[in-house]
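Step one of this worksheet: look at the structure below.
There are 2 protein chains.
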Amino acid sequence: MSVFAHHTHDFASDPDTALAAADAFFQKTGVRFTPLRRRVFEIILRAGKPIGAYDILERLRDHGKIAAPISVYRVLDFLIEQRFVHRLATINAYMACVTPEDPHAAQFLICQSCGSVTEISDQAVDKAIAEGARTAGFRVSYPLVEIMGVCADCARDGKA
Amino acid sequence: MSVFAHHTHDFASDPDTALAAADAFFQKTGVRFTPLRRRVFEIILRAGKPIGAYDILERLRDHGKIAAPISVYRVLDFLIEQRFVHRLATINAYMACVTPEDPHAAQFLICQSCGSVTEISDQAVDKAIAEGARTAGFRVSYPLVEIMGVCADCARDGKA
DNA sequence: ACGGCATTTGTTATATTGTATCATGCGTGC
DNA sequence: GCACGCATGATACAATATAACAAATGCCGT
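So the sequence lines, in the order shown, correspond to chains G and A.
Just so you know, numbering that gives the first Met the number 0 puts the end of the first sequence at 159, numbered straight through with nothing missing.
Just so you know, numbering that gives the first Met the number 0 puts the end of the second sequence at 159, numbered straight through with nothing missing.
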């Protein structure tokens with residue numbers, strides 16, 4: 000059995016707390032958490048699930064902000080760099096990191112039926128990947144694990 | 000240490016053998032391996048590294064074939080379905096599977112310096128993922144593992 | 001406060017990747 | 001041969017992401 004931490008995205012379910020934590024973090028590090036960056040992060044948090052770049056753009060505009068795609072992508076790059084946001088390559092979407100201040104390798108369980116995504120942090124997976132890469136002489140910068148399948152809820156309801 | 004199989008893409012390095020094997024496989028299964036499908040697979044094999052859909056399209060046209068993007072994507076879907084080709088979501092590229100007839104979970108080591116991709120098949124990673132997903136009640140259909148980093152060659156040459 | 005510098009954002013245009021839709025071809029089996 | 005199903009063609013378009021340069025904004029030393 001694996002050393003296994005299972006987050007059901009409690010962090011993201013309370014955007015205000017997450018935002019306050021981000022404010023504190025950036026205050027501490029001195030990195031600039033500009034209004035635009037903060038708003039984009041808030042949009043991602045409030046989405047509560049993975050959201051596309053153009054959806055973010057649309058919501059920015061709803062708030063009276065005129066913005067171009069590039070603005071969103073720049074902010075996304077920043078937030079990913081700062082480890083507050085993950086990019087899900089398989090579905091071209093972005094979601095808030097569950098535990099941004101605790102550096103960790105994350106794995107994502109993506110439900111093909113309902114579209115929900117659960118972030119897990121399984122150290123066994125992490126370790127196995129590190130070991131496998133090391134054997135190949137490969138220096139890992141970012142291990143991406145996106146597991147497509149059917150979540151427990153959908154499996155139970157027979158949706159897939 | 001992990002149970003570790005390391006393929007340096009020997010399969011793809013001999014396109015003719017791979018094509019012959021594919022011919023035999025489809026002959027056996029009765030699934031239609033049409034000229035278009037065969038040609039696309041050959042293009043991917045001869046590329047020897049991940050190749051984009053539009054690059055495939057271009058090479059089809061080089062061979063006097065007039066084709067639209069959709070044709071390429073349809074064939075790619077087919078080849079992926081048949082497990083002869085992998086899609087690399089992080090870099091939007093496609094590559095020939097090392098051992099198509101042996102169902103396996105694959106992991107990819109993607110070098111950010113030279114762009115090379117090595118397919119490995121580490122059972123420890125595979126097992127850890129299966130176990131982690133099971134704990135979450137998640138039924139896996141396709142586990143995607145794409146590890147970004149720097150390959151041994153580039154690390155040695157100090158390219159990154 | 002001011003000027004110079006770096007970082008961030010705006011603006012415009014474009015590149016890249018992937019699909020929808022309907023028509024046509026083409027082989028297989030009756 | 002012809003009806004059916006699958007594969008491909010043709011046309012148009014959607015979705016995702018980046019390039020290049022200009023303007024603004026904050027930071028820091030003086």
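Just so you know, even glycine gets a beta-carbon here, dropped at the ideal spot from N, CA and C.
In this text, all values refer to a predicted model and were calculated from it rather than measured experimentally.
- [ ] Determine which residues share a DSSP beta bridge with residue 148 (chain G) and list them.
- [x] The residue labelled residue 148 (chain G) in the question sits at position 149 within the first sequence. Beta-bridge pairing links residue 148 (chain G) to G:110 and A:139.
- [ ] Taking C-beta pairs closer than 7 Å, name the residues in chain G that residue 127 (chain A) reaches, listed in chain order.
- [x] Position 128 of the second sequence, counted from the start, is the residue given in the question as residue 127 (chain A). The contacting residues are 1, 121, 123, 124 and 127.
Task: residue 140 (chain G): contacting residues in chain A (beta-carbon distance under 8 Å) - done: The sequence position of residue 140 (chain G) within the first sequence is 141, counting from 1. Within chain A, the residues near residue 140 (chain G) are 111, 147, 148 and 149.
Open item on the list: Helix, strand or coil, according to DSSP, for residue 16 (chain A) in the structure here?
Closed with: Counted from its first residue, the second sequence places residue 16 (chain A) at position 17. Correct three-state label for residue 16 (chain A): helix.
Task: residue 99 (chain G) versus residue 122 (chain G) - alpha carbon distance - done: Position 100 of the first sequence holds residue 99 (chain G). Position 123 of the first sequence holds residue 122 (chain G). Rounded to whole angstroms, residue 99 (chain G) to residue 122 (chain G) spans 16 Å at the Cα level.
TODO: Please work out which residues of its chain come closer than 8 Å, Cβ to Cβ, to residue 18 (chain A), disregarding the five sequence neighbours upstream and downstream, and give them in chain order.
DONE: Here residue 18 (chain A) refers to the residue found at position 19 when the second sequence is read from its first residue. Cβ within range, chain order: 37, 40, 41 and 44.
Task: the region 74-92 of chain A in contact with the region 143-155 of chain A per 3-pair CB rule at 8 Å - done: Short answer: they touch.
Task: Where residue 136 (chain A) meets chain G, residues with beta-carbon distance less than 9 Å - done: Here residue 136 (chain A) corresponds to residue number 137 of the second sequence, with the count starting at 1. From the beta-carbon of residue 136 (chain A), the residues of chain G found nearer than 9 Å are 150, 151, 152, 154 and 155.
Open item on the list: Distance cutoff 7 Å, beta carbons only. Does residue 88 (chain A) sit that close to anything in chain G?
Closed with: Counted from its first residue, the second sequence places residue 88 (chain A) at position 89. Taking 7 Å as the threshold, the shortest C-beta distance from residue 88 (chain A) to chain G falls below it.
Open item on the list: My output table needs one value for residue 95 (chain G): the three-state DSSP class, helix, strand or coil.
Closed with: As a working mapping, residue 95 (chain G) is identified with position 96 in the first sequence. Taken through DSSP and simplified to helix, strand or coil, residue 95 (chain G) comes out as strand.
Open item on the list: Against chain A, which members of the region 63-81 of chain G pass a CB distance test of less than 8 Å?
Closed with: Result list empty, no residue passes.
Open item on the list: Please classify residue 74 (chain A) as buried or exposed, where buried requires at least 16 other C-beta atoms within 10 Å of its C-beta.
Closed with: The residue labelled residue 74 (chain A) in the question sits at position 75 within the second sequence. That one is buried.
Open item on the list: Can you find the residues in the same chain that come closer than 7 Å, C-beta to C-beta, to residue 103 (chain A), ignoring five residues on each side of it along the sequence?
Closed with: One-based indexing of the second sequence puts residue 103 (chain A) at position 104. Excluding sequence positions up to five before and after residue 103 (chain A), its CB lies within less than 7 Å of the CB of 120, all in the same chain and listed in chain order.
- [ ] Between the Cα of residue 82 (chain A) and those of A:156, A:24, A:152 and A:15, spot the shortest distance and give me the residue it belongs to.
- [x] Here the question's residue 82 (chain A) lines up with position 83 in the second sequence. With distances taken between Cα atoms, residue 82 (chain A) lies closest to A:24.
Open item on the list: With a threshold of 7 Å between beta carbons, is residue 108 (chain G) in contact with chain A?
Closed with: For this step, residue 108 (chain G) is matched to residue 109 along the first sequence. The C-beta of residue 108 (chain G) comes closer than 7 Å to at least one C-beta of chain A.
Task: Within chain G, partners of residue 98 (chain A) - CB distance below 8 Å - done: By one-based count along the second sequence, residue 98 (chain A) stands at place 99. Correct list: empty, because the minimum Cβ distance to chain G is about 17 Å.
TODO: May I ask you to report which of helix, strand or coil DSSP gives residue 134 (chain G)?
DONE: The residue given as residue 134 (chain G) occupies position 135 in the first sequence. Helix, per DSSP.
Open item on the list: Check whether chain G comes within 7 Å of residue 9 (chain A), counting only Cβ atoms and requiring the distance to be less than that.
Closed with: As a position in the second sequence, residue 9 (chain A) is number 10, starting the count at 1. Note on residue 9 (chain A): pLDDT 43, under 50, position unreliable in the model; the coordinate value appears next. Put simply, the CB of residue 9 (chain A) is far from chain G, with every gap to its CB atoms at 7 Å or more.
Task: Same chain only: Cβ atoms within 6 Å of residue 3 (chain G), ignoring 5 sequence neighbours per side - done: Indexing the first sequence from 1 puts residue 3 (chain G) at position 4. At residue 3 (chain G), the pLDDT of 41 sits below 50, so the modelled position is not reliable; the number obtained from the coordinates is stated separately. Taken in chain order, the residues that qualify are 121.
Task: Boundaries (first-last residue) of the beta strand (DSSP E) holding residue 119 (chain A) - done: Here residue 119 (chain A) refers to the residue found at position 120 of the second sequence. Secondary structure note for residue 119 (chain A): its beta strand (DSSP E) is the uninterrupted segment 116-121.
- [ ] Please name the residue, chosen from G:114, G:101, G:137 and G:96, that lies closest to residue 112 (chain A) on a Cα-to-Cα basis.
- [x] Working through the second sequence from its first residue, we reach residue 112 (chain A) at position 113. Considering only alpha carbons, the answer is G:137.
Open item on the list: Just list the residues that DSSP pairs residue 50 (chain G) with in beta bridges.
Closed with: On the first sequence, residue 50 (chain G) is found 51 positions in, with the first residue counted as 1. Paired residue(s): G:93.
TODO: Kindly indicate which residue of G:96, G:16 and G:132 has the alpha-carbon position closest to the one of residue 48 (chain G).
DONE: Here the question's residue 48 (chain G) lines up with position 49 in the first sequence. Out of G:96, G:16 and G:132, G:96 has the C-alpha closest to the C-alpha of residue 48 (chain G).
- [ ] Tell me residue 84 (chain A)'s beta-bridge partners as DSSP assigns them.
- [x] Within the second sequence, the letter at position 85 stands for residue 84 (chain A). Looking at the DSSP output, residue 84 (chain A) shares a beta bridge with A:95.
TODO: Note down, in chain order, each residue of its chain lying with its Cβ closer than 8 Å to the Cβ of residue 50 (chain G), except the 5 sequence neighbours on either side.
DONE: Position 51 of the first sequence holds residue 50 (chain G). Around residue 50 (chain G), the same chain offers 42, 43, 92, 93 and 94 as residues with beta carbons nearer than 8 Å, after the five sequence neighbours per side are excluded.
TODO: Please state whether DSSP places residue 64 (chain G) in a helix, a strand or coil.
DONE: If you number the first sequence from 1, residue 64 (chain G) lands on position 65. Per DSSP, reduced to three states, the secondary structure at residue 64 (chain G) is coil, with no helix or strand assignment.
Open item on the list: Just to make sure I have the definition right: I need the residues of chain A whose C-beta is within less than 7 Å of the C-beta of residue 116 (chain G). Which are they?
Closed with: For the purposes of this step, residue 116 (chain G) is taken as residue 117 along the first sequence, with counting starting at 1. By Cβ distance, chain A contributes nothing, its closest Cβ being about 11 Å from residue 116 (chain G), past 7 Å.
Open item on the list: Can you check whether the C-beta of residue 144 (chain G) is within less than 7 Å of a C-beta belonging to chain A?
Closed with: What you label residue 144 (chain G) is simply residue 145 of the first sequence in a count that begins at 1. It does; some Cβ of chain A falls within 7 Å.
Open item on the list: Cutting at 7 Å between CB atoms, please list the residues of its own chain near residue 153 (chain G), excluding the five before and the five after it.
Closed with: Position 154 of the first sequence, counted from the first residue, corresponds to residue 153 (chain G). The beta carbon of residue 153 (chain G) is closer than 7 Å to those of 110, 112, 113 and 159 in its chain, skipping five residues each way along the sequence.
TODO: Classify residue 131 (chain A) as buried or exposed, calling it buried when 16 or more other Cβ atoms lie within 10 Å of its own Cβ.
DONE: The residue given as residue 131 (chain A) occupies position 132 in the second sequence. With 16 or more other Cβ atoms within 10 Å, it is buried.
- [ ] Go ahead and pull the three-state DSSP assignment for residue 73 (chain A).
- [x] Against the second sequence, residue 73 (chain A) aligns to sequence position 74. It is helical.
Open item on the list: For a test of the three-state rule: what should DSSP assign to residue 25 (chain G), helix, strand or coil?
Closed with: Here residue 25 (chain G) is taken as the residue at index 26 of the first sequence, counted from 1. For residue 25 (chain G), the three-state secondary structure derived from DSSP is helix.
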